[in-house]
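*Asks:* This is the structure I want to talk about, given as structure tokens.
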Amino acid sequence: RVMTSGEEIVFAKHARPMLKMFIKALHVRGDVVGARTVVGILKEVEMVENRKRVAQARQDASYKGGVA
């Protein structure tokens, strides 16, 4: 699928695989500090994404009258 201008980048499909690739490449090159830095970034971004997902689920459940 071709991305058009203004299309949203999905973290799980685009950014996460790229960051994991960077981590592996940094380890291969022996840059442990760099790899740990990218791991920290990855964990932070995943935490933010999870919070967004939970907030959206709660909003959806409250809109539908359910409990989340």
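In the numbering used here, the protein residues as written are 9 to 76.
Glycine included, every Cβ here is placed at the ideal spot set by N, Cα and C.
Please state if the CB of V46 and the CB of L27 are separated by a distance shorter than 8 Å.
*Replies:* Counted from its first residue, the sequence shown places residue 27 at position 19. Counted from its first residue, the sequence shown places residue 46 at position 38. Cβ atoms of L27 and V46: closer than 8 Å.
*Asks:* Within a Cβ cutoff of 6 Å, which residues of the same chain sit near F30, ignoring the five residues on either side of it in sequence?
*Replies:* By one-based count along the sequence shown, residue 30 stands at place 22. The residues are V46.
*Asks:* Where does R37 sit, in a helix, a strand or coil, going by DSSP?
*Replies:* As a position in the sequence shown, residue 37 is number 29, starting the count at 1. Coil, per DSSP.
*Asks:* Going by alpha carbons, who is nearest to R24 out of R66, S70, G48 and Q67?
*Replies:* Taking the first residue of the sequence shown as position 1, residue 24 is located at position 16. Per the Cα distances, G48.
*Asks:* Report, in whole angstroms, the separation of the C-beta atoms of V53 and F19, which I expect to be a contact under 8 Å.
*Replies:* Residue mapping note: residue 53 aligns to position 45 of the sequence shown, counting from 1. Residue mapping note: residue 19 aligns to position 11 of the sequence shown, counting from 1. The pair is a contact, with the Cβ atoms about 7 Å apart (cut-off 8 Å).
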